[in-house]
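Take a look at the structure set out below.
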Amino acid sequence: MKNIHYILSRTAAVIAVVFSLNSCLEKLPGDYILEEEGMQTFADAEQTLTGIYTAYMSSSLYSGYLTLCPDIQSDLVYAVQGNSNTFGTHWLWDIRSTNAEIEAIYASLYTVIGRCNYYLDKVEALRARLTDDEQIKYLDFYTGEVYCARALAYSELLKCFCKAYDPATAESELGLVLADSYFGDKPQTRATLKASYDFVIGDLKKAEELLDEENDYFDAAYFTNAAAHAIHARVALYMQDWDAAVEHSTKLITSDAFQLATARSYVTSTQTYLNYLWTNDTSYENIWRIGYTTTSYGGAQGSVFLNFSNDFTYYYPDYVPAQWALDLYASGDGRYNSYFANLQTGYAHGLTWPLLVKYYGNEVLVSSMIYHVNMPKPLRLAEQYLIRAEAYCEKGDFAAASADLSTLSETRHTAGGSLSVNASNWKQTISDERVKELFMEGFRLHDLKRWGMGFERTPQAHTQEEGSSLKIEAGNPLFVWPIPNQDIVAPGSQIQPNESNR
0 MKNIHYILSR TAAVIAVVFS LNSCLEKLPG DYILEEEGMQ TFADAEQTLT
50 GIYTAYMSSS LYSGYLTLCP DIQSDLVYAV QGNSNTFGTH WLWDIRSTNA
100 EIEAIYASLY TVIGRCNYYL DKVEALRARL TDDEQIKYLD FYTGEVYCAR
150 ALAYSELLKC FCKAYDPATA ESELGLVLAD SYFGDKPQTR ATLKASYDFV
200 IGDLKKAEEL LDEENDYFDA AYFTNAAAHA IHARVALYMQ DWDAAVEHST
250 KLITSDAFQL ATARSYVTST QTYLNYLWTN DTSYENIWRI GYTTTSYGGA
300 QGSVFLNFSN DFTYYYPDYV PAQWALDLYA SGDGRYNSYF ANLQTGYAHG
350 LTWPLLVKYY GNEVLVSSMI YHVNMPKPLR LAEQYLIRAE AYCEKGDFAA
400 ASADLSTLSE TRHTAGGSLS VNASNWKQTI SDERVKELFM EGFRLHDLKR
450 WGMGFERTPQ AHTQEEGSSL KIEAGNPLFV WPIPNQDIVA PGSQIQPNES
500 NR
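Heads up: the sequence shown begins at 0 in numbering that gives the first Met the number 0, then just goes up one per residue.
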C-alpha cells in the first residue's frame, strides 16, 4: 500500500507553496528573523522546504533557460528571419562570461543549493527537539527530499559548467565550488570533477536511504525515492558507470508506480495518453513534475517557438525545428503530432513550417489566458529507458538494449516501432532516439559533449543567415559554459575560469 497520508500531505504542502509564493519565499532565510534563529519548529522546516521547491520554479531553470539554452545552442533548431534575437548569443555560439542567461542559471542553481544547505545545517538540532514520532518520521522524509534537491542542482551545474566525465582524467579536471553548509566560510575554489560527482552521488545515496519507495507516485510535485534513483541513473550514465546506470534505471522501469504514456489508446475522445502528457502535463510516466496553478507558475518556455500571443492570429517563432530532426520521425510516430504542427507564421516571408507545439501551453492555463506555459517534467520514465538502453550498449548487451528501445518506441507509435541495435549502429540509433523523445528538453548539447561529437548546420528556408551554416567541431570550448565573470572577480574569489571564459 502506498503511504497515502504522506502523499496527500506532501502534495498539499507543495500546493501551499504556490499560494504563498510572494509572501514567504524571499523571507528564507533571514528577511524577518535572524538566520541563526530560523527553522525552530516542524512548520518552519516545511516552509524552508517550500522555499527549495519554489526556487526550482524559476524561469531561469526548467521552465526557461536551463531547458532551452542548451538545445538552441545545438543543432535542433534554426533562427527564423525577423526573430527577436532571444537567446541569439547561444544560437551563434557567441557566449561570454557576462551572458545574462548563463549568470541566471548559475545563480539560480546555487540559490537552490543555498536553501538546501540552510535546511541541512538546522535540521539535526530541530530533530533533537521534536518529541512527536510522526513529525520525526516526516522530518526524515523532508531531509531526504532536500538531499535529492541539492544533488539535482549540483548535477545540472556539472552538465553545464564542467567537461564531460572521463574516469581516467576526472581527478585532474575542474569540477564545482562545493558548498555543503550555509553558515561559516564558503569555499572559493573549485573541487575536482571526480570529487564533485562523488558529492552528488553521496547526496543521492542519503536521499535513497531516507525516502520510502512506498511513497513513489506519478506526477509527484515533490522529490521521492523514485526521483533520487532517476537522477542517480542519469548521473551514473554521465560518469560512464554503466552498471549503476542499469541498476537505478531498472528500479524505475520495474516500478508499479510508473507507466509509459502510449500513443495507442485515448484518455479523452481526441487525445492519446501521449498527447495528454504535453497538453495537460499529467501522466503515469512523470516521476517528478514541477506543479503550477493559474496563480503561480514559471516561465513561458513555448514562447520562442510560437509567440502566437503577439496578435492572436499568426505565429512568430524565433526558432523552428531542424529539418533533419523532423525527418527522424517515422510514419505513425505519435510524438510527431504531439510535438509539432504545420503552421503559418506571420512574418513577411510567410514561412509555413512544422512548429514546436510541445510547449503550446497547459490547457488549464491557456483557458485562463496564460500562454506558452507548461509544467516542466524534468524526470520522466522515457528517459530511464534511454539511459538503460545506452548503458546496455556500452556493456555490449545489444539484445537488452534493443528490447528497451523497442518498448519505448512501440509505445510511442500507433503501430510497429520496434528497433534493433548492434555494435556498428547503436550510438547513432541512441542519438536519434534521444532526439526524437527528448526534443527541446535540454539534453542535446550535453549529449554531443559527452559523446565527443560536433555538428554542422545547413541553411533552411527563411532562416537567419548568420549562424545557419555554423560548423562546430567536437571539443569546442563552448560545449562547457563559462563561469560567470561576477563569480570569478568577486572579492576573495579564487574560482578558476573555464577555457570558454573570455
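Note that CB positions come from ideal geometry on N, CA and C, so glycine has one too.
Residue range of the unbroken alpha helix (DSSP H) whose run includes residue i
i: Leu-273; result: 272–278
i: Tyr-52; result: 41–54
i: Phe-198; result: 192–209
i: Asp-70; result: 64–72
i: Asp-431; result: 425–437
i: Val-479; result: Val-479 -> no alpha helix (DSSP H), and no H or E assigned at all.
i: Gln-510; result: Lying outside 0 to 501, the shown extent of the chain, residue 510 is not represented and no answer is given.
i: Ser-366; result: 362–366
Within-8 Å CB hit, residue i to chain D
i: Phe-311; result: The chain inventory of the structure shown lacks chain D, comprising one protein chain alone.
Check whether residue i and residue j have beta carbons under 8 Å apart
i: Cys-161; j: Gly-174; result: yes
i: Ser-282; j: Ala-256; result: no
i: Phe-140; j: Leu-210; result: yes
i: Ala-340; j: Trp-241; result: no
i: Tyr-346; j: Tyr-315; result: yes
i: Gln-300; j: Gly-63; result: yes
i: Ser-73; j: Arg-449; result: no
i: Val-356; j: Tyr-296; result: no
i: Pro-375; j: Tyr-61; result: yes
i: Ile-94; j: Leu-477; result: yes
i: Ala-227; j: Ala-206; result: yes
i: Tyr-221; j: Glu-102; result: no
i: Ile-135; j: Arg-126; result: yes
i: Gln-239; j: Tyr-164; result: yes
i: Ile-286; j: Arg-411; result: no
i: Pro-186; j: Val-176; result: yes
i: Ala-262; j: Leu-276; result: no
i: Thr-278; j: Glu-362; result: yes
i: Ser-405; j: Ser-423; result: no
i: Ala-324; j: Phe-454; result: no
i: Ser-96; j: Asn-475; result: no
i: Leu-91; j: Glu-465; result: yes
i: Ser-107; j: Ala-54; result: yes
i: Ser-468; j: Gln-459; result: no
i: Asp-215; j: Ser-254; result: yes
i: Asp-446; j: Arg-456; result: no
Presumed contact (8 Å Cβ cut-off) between residue i and residue j, rounded CB distance
i: Phe-182; j: Asp-120; result: 6 Å
i: Trp-352; j: Phe-397; result: That pair is no contact at about 37 Å.
i: Ser-195; j: Tyr-153; result: 7 Å
i: Cys-392; j: Ala-400; result: 5 Å
i: Ala-235; j: Ala-229; result: Wrong, their Cβ atoms sit about 11 Å apart, outside the cutoff.
i: Leu-327; j: Lys-435; result: 5 Å
i: Val-79; j: Gln-463; result: 7 Å
i: Ala-414; j: Gly-331; result: 5 Å
i: Glu-100; j: Cys-68; result: 5 Å
i: Gly-441; j: Thr-66; result: 4 Å
i: Gln-270; j: Tyr-313; result: With 8 Å as the limit, Gln-270 and Tyr-313 do not qualify as a contact, their Cβ atoms being about 25 Å apart.
i: Tyr-117; j: Thr-47; result: 7 Å
i: Thr-191; j: Glu-170; result: 5 Å
i: Leu-138; j: Ala-44; result: 6 Å
i: Arg-189; j: Ile-494; result: 6 Å
Residues that residue i bridges to, as DSSP identifies them
i: Ile-471; result: Phe-454
i: His-412; result: Asp-332
i: Leu-355; result: Phe-339
i: Arg-379; result: Asn-285
i: Thr-462; result: Val-79
i: Leu-173; result: Thr-191
field: Within the stretch 263–343, ranges of the beta strand (DSSP E) (whole runs, at least 3 residues)
entry: Taking only runs of at least 3 residues, the beta strand (DSSP E) segments lying wholly in the stretch 263–343 are 285–287, 318–320 and 339–343.
query: Mind pulling the alpha helix (DSSP H) runs of 4 or more residues that sit fully within the stretch 77–141?
result: You should have 87–90 and 99–128.
task: May I have a chain-ordered list of the alpha helix (DSSP H) segments no shorter than 4 residues that lie completely inside the stretch 206–265?
output: Within the stretch 206–265, complete alpha helix (DSSP H) segments of at least 4 residues are found at 224–237 and 241–252, given in chain order.
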